[in-house]
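Residue numbers (the numbering used here), protein chains in the order written: chain L, 1 to 355; chain F, 1 to 355; chain D, 1 to 355; chain U, 1 to 355. Everything below concerns the one structure shown next.
This is the structure in structure tokens:
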């Protein structure tokens, strides 16, 4: 199940410490101009080692496009992008000691003794790099139709800021936020959030957060019942991103505390367009876009890699023991995950347009 | 996109007011004894008109099995189950007046003038009946392997009860709750919840809630990276259920307020089995089951059908107007949705076992 | 694998002697007027018991449409058509005696003791009835775009007639042939073919033949490399039809005796349209339609059911024995299979248009 | 549609003159030892420039494995193999002059002005190299279960040799033939066939032929009704190979001249195993393997690239003209295609085992 999609097909491959990782993206129409510089910027937003908030593993994360692009434009055939693994210190790993919160145990259960455990192998967060590459192209395809995908960090640990649902969502607004090094609506809140991260780091601990994503410029009618709801497409994509443990559309879980008269978004017209005056449903009714911005939030759990002693099992001896994970680690991956979420959303929305 | 799954295939069809609705379920191994009585019980749990809490539309919801079952056992070929629509008063519908919170607008955007708008057509909650039929069979297939799927109502509007994550989850416990007319852990809380529903009804309003679902008896290693994570499979299935607006696995959004040392579930062994001492990750690491119960919660929004005057648009005239939805309606569908969630979960888990 | 297609989805279900058989067809655009009378005519072309050439099993083969059609037009949602099994004398079958040439042995190998062996169960030629229903709708969808699918019987046993490749293929020509009770270009040859069939019947034997199918009115550019070639789509569909054992496009196997200068179809233009002056490639280059008629031929083997004593194995005793199949049987199914081929081709072409 | 398969997934990418070509193969179980030397031998069997019979374009066709293999064994995750394009003289191509028999016209119809026309682009026979890589791995996976795939050249132009159906098919026999530089049963016939090729070359013309493929060691019960017949799986795969225009299983088209009593393969038992005494059905009944060797033949058309003046259209001017294709070309690709057919068959059989 390393291929996603029906009309658009995304096939991911690679292990953290193998020769390379990559993606085959099939279904992009021919004639789309590929802005390689923009792809590079998106890759950089995800790349580790950029600042004091993230892991020191430095990966160039340069994508080589092997196919599907001719004279700077998509040719309509599958686009394969590959990324070399350059910084692969395999000696750090002790496969018999299960890292809590990681996929070590489940990886061995799935693949047996042949599991490539190094750095999480195929389960590594590193495998989101090809997803960013594919999604960056999807974003460009959507931009042609006036569709913009943006995100902000709605919360880090105990610090939260306002929701996109309470903002006027314009393309310019979304782009402005996405270009920030630490993408938040309110920079003061952003400062506080970064303090949470640094404080966790100082404590050899980690924190999670909430990413909120919005898509503007959508025409109504995208998606498909019964199983092709926009929520199904987006959520199946999002839960492929390591550390994502929850998703909600519009007011989501908050709607439990509201009543029908409050959550129903009333329709209104200006004589031309039909729209809703509120957007509690996050731009989706019956699984289909209603023309309002699609808005959803993701729960991202604290990074499991922490430099603390933790209880675990030695699988060689089937004995209880402790593990201390070596090296420096990301105390928080929310800020790096934001671009992954945007790119994954772009892929899901493109599929919703095509089905 | 009315077919779900790769190894297990679920194909849904039907409109609320057409001749019939149904499902084709392909991929169930041959030789499974079909307990038709149990299927009937599950269908009854979903059926409307059972008590004062639900819509008076009475549907027998008798399923006729057309294929795939021979001498009471599955023959390995596709199982088609159909349900006749018997109570279809089409005269109630005024397609030009968009019902807020419903799929009327998006249905017309998707299908144009040919949309079968009667009772929501293909978008109707009624289409979950075939899903229950298919899932009831999936539950029986899972039961053969010692796997149990159960659920409870974790919250209705402002009233909430404890989480499955804070209980000892046994098969017997899950079954006991599922058999309750109003499935809650604590019956006193259940009484309060039902009062919330009756109070909303009295107010011609509606309320939503949270359903929590648990699956026990799972072996570790089910599911598949990258896009076949158990979370992706379950969520893509759940967001096909009308009114579901959010999902979280394990502690979900709550993990944002916790730190890595708290959310990492430590591994432990009794010398034979390896398990985790907490289950914050809801039984899933890296998208793969770890042998602990899979636990997830769903946000169900308040029923959009309410007998109040609501602002909307008349699509014939492209003019603002008001709508008052006739008839009696469910003030809450959470209690009826619980069985749908269990059955949908059973289908997703069965697929996770097969891929 | 009872679902075919990516953009168009065809899900077949049913056993020869179960409650019913049918199909779910998803992906037909909304707004297509359904001509039920034409569907009935296509169903009749396939139905047994019409004349002295076929089996006396009489099946009304009335299709009931359960969903997807509203006010006589497709609503864009899945169309489910079901057919009741009415004439199901199960007592004729001795499952322990394998019928040579049939799927009895392989059915038990696939499904074990739970295989519904009655009348071939899910392997029965009867399951092509739902395929005709689905394909009849596909034909109507294609007709809207000026695309016509027709076929003729190119050979029965030792008697053959000319190829469509040597005719001028117009819509009217194809329709004229399809309307014949015994669809051939040359009726005299048709008389000879029917004599072959009656002669085989008199001899308690059976004969096969070759069906040639043509599709006109296609625009160039349909289909998709690498695995979505029109030949791949059509052949995967055709080999689902029982008794089909070979397929060739254009000159097919005959091309082995030709040279490149002969088989290459030269391009020509009249100043507007580009076409080829010959059609050896059967309207397909590189898997994609080139605008010429798509032409292909199918080898249909002699019906395996013959009223002769045949050597076989008794699977209860694992002993060699003989079987004599009771009842009257089709001495040839080619004439009934022609409409199945046309309808299956219509489904494959519709998918080729959509992918 | 560049991804094939349901349980096994094969995703092909690349253009003849782009940076590289390759394949992602997903679904190979973990723990399979990869024999890279054997893969190299299979790649060499397909590679051009080996002898006087083939095109002088020399491609190293070295595959680099990027993922899915760890310590020489498959890890269960997707295997990506890439091949660099090194010999890409793009200056030879005049995109406005359509080469007869090629996909130039259809490629432009499919992809418009953005089609990568150089060397046929994505339609090039070169794209079969990744298929050989993927299939070579599939062959190794099948070999583990005692399954062997072999082929021979049954005919070149007017020279034909006997069928596999008239031989005793053992693993050793199939392997012996596959190892021949020119794989035939009878080497004298092979000499004659090669003369046909050289004679066509001397005449600046080309010839086609028939490849027959056999698979031994299969257990009965593989494949799946209705659309997953082994014939459907194999044929959909084979028609992805450029120049294949026909396929027949067992006696195929020859069965038209036979009668039921002749084509029905009688069952027999030795007290343990059940088998058929003839194999007219090519090892498949009702789409499912019956344990006899699967045998099928493919019509391969004469190579369209010939150094003759041919009539065509200049698409810039929409005028009739002539084209003369520069350079030296394969006068026959049948001998190189044999390994492609074997490898593609291995992939189809592996899928048939898994579904």
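Think of the CB as a built atom: it goes at the ideal place given N, C-alpha and C, for glycine as much as any other residue.
Among the options, which one has its Cα closest to the Cα of residue i?
{"i": "residue 274 (chain F)", "options": "L:315, L:336, L:141 and L:41", "result": "L:315"}
{"i": "residue 235 (chain U)", "options": "U:349, U:163, U:8 and U:16", "result": "U:349"}
{"i": "residue 299 (chain F)", "options": "L:40, L:302, L:248 and L:96", "result": "L:248"}
{"i": "residue 131 (chain D)", "options": "U:227, U:290, U:341 and U:252", "result": "U:227"}
{"i": "residue 121 (chain U)", "options": "L:14, L:74 and L:101", "result": "L:74"}
{"i": "residue 337 (chain F)", "options": "F:17, F:310 and F:43", "result": "F:43"}
{"i": "residue 216 (chain D)", "options": "D:237, D:7 and D:148", "result": "D:148"}
{"i": "residue 38 (chain U)", "options": "U:177, U:346 and U:137", "result": "U:137"}
{"i": "residue 353 (chain L)", "options": "L:124, L:222 and L:188", "result": "L:222"}
{"i": "residue 45 (chain F)", "options": "F:110, F:171 and F:183", "result": "F:183"}
{"i": "residue 260 (chain F)", "options": "L:271, L:272 and L:243", "result": "L:243"}
{"i": "residue 150 (chain D)", "options": "D:297, D:322, D:320 and D:321", "result": "D:297"}
{"i": "residue 145 (chain L)", "options": "L:24, L:171 and L:124", "result": "L:171"}
{"i": "residue 127 (chain U)", "options": "U:6, U:20 and U:318", "result": "U:20"}
{"i": "residue 175 (chain U)", "options": "U:139, U:5, U:189 and U:198", "result": "U:139"}
{"i": "residue 152 (chain F)", "options": "F:322, F:295, F:36 and F:72", "result": "F:295"}
{"i": "residue 192 (chain U)", "options": "U:180, U:218, U:167 and U:160", "result": "U:160"}
{"i": "residue 293 (chain F)", "options": "F:277, F:304, F:198 and F:85", "result": "F:277"}
{"i": "residue 241 (chain L)", "options": "L:301, L:110 and L:62", "result": "L:301"}
{"i": "residue 18 (chain D)", "options": "F:110, F:65, F:6 and F:18", "result": "F:65"}
{"i": "residue 269 (chain U)", "options": "D:198, D:327, D:318 and D:85", "result": "D:318"}
{"i": "residue 110 (chain F)", "options": "L:225, L:133 and L:86", "result": "L:225"}
{"i": "residue 326 (chain L)", "options": "L:229, L:199, L:143 and L:94", "result": "L:94"}
{"i": "residue 61 (chain U)", "options": "U:69, U:198 and U:83", "result": "U:83"}
Verify whether the separation of the beta carbon atoms of residue i and residue j is less than 8 Å.
{"i": "residue 231 (chain D)", "j": "residue 287 (chain D)", "result": "yes"}
{"i": "residue 78 (chain U)", "j": "residue 2 (chain L)", "result": "yes"}
{"i": "residue 119 (chain F)", "j": "residue 16 (chain F)", "result": "yes"}
{"i": "residue 246 (chain F)", "j": "residue 281 (chain F)", "result": "no"}
{"i": "residue 177 (chain U)", "j": "residue 162 (chain U)", "result": "no"}
{"i": "residue 48 (chain F)", "j": "residue 106 (chain L)", "result": "no"}
{"i": "residue 155 (chain F)", "j": "residue 285 (chain L)", "result": "no"}
{"i": "residue 67 (chain F)", "j": "residue 13 (chain D)", "result": "yes"}
{"i": "residue 358 (chain L)", "j": "residue 76 (chain L)", "result": "Because chain L is modelled from 1 through 355, residue 358 (chain L) falls outside the range shown and cannot be assessed."}
With a threshold of 7 Å (Cβ to nearest heavy atom), would residue i be considered close to the ligand PLP?
{"i": "residue 117 (chain L)", "result": "The model depicted lacks the ligand PLP and carries no ligand whatsoever."}
Measure the beta-carbon distance from residue i to residue j and round it to whole angstroms, keeping in mind my assumption that it falls under 8 Å.
{"i": "residue 306 (chain D)", "j": "residue 204 (chain D)", "result": "6 Å"}
{"i": "residue 344 (chain U)", "j": "residue 238 (chain U)", "result": "6 Å"}
{"i": "residue 347 (chain L)", "j": "residue 10 (chain L)", "result": "6 Å"}
{"i": "residue 283 (chain U)", "j": "residue 218 (chain U)", "result": "7 Å"}
{"i": "residue 164 (chain L)", "j": "residue 214 (chain L)", "result": "5 Å"}
Under the DSSP definition of a beta bridge, which residues are partnered with residue i?
{"i": "residue 379 (chain L)", "result": "In this structure chain L extends from 1 to 355, so residue 379 (chain L) is not present and cannot be described."}
{"i": "residue 64 (chain L)", "result": "L:82"}
{"i": "residue 259 (chain L)", "result": "F:207"}
{"i": "residue 25 (chain F)", "result": "F:10 and F:79"}
Quick test of the definition: if touching needs 3 or more C-beta pairs under 8 Å, does the segment 323–341 of chain F touch the segment 196–215 of chain F? yes
With three or more C-beta pairs closer than 8 Å as the rule, is the segment 262–272 of chain L touching the segment 97–116 of chain F? yes
Decide yes or no for the touch test of the segment 108–128 of chain L against the segment 26–40 of chain U: beta carbon pairs closer than 8 Å, at least 3 of them. yes
Can at least three beta-carbon pairs, one atom from the segment 304–313 of chain F and one from the segment 239–256 of chain L, be found at a separation below 8 Å? no
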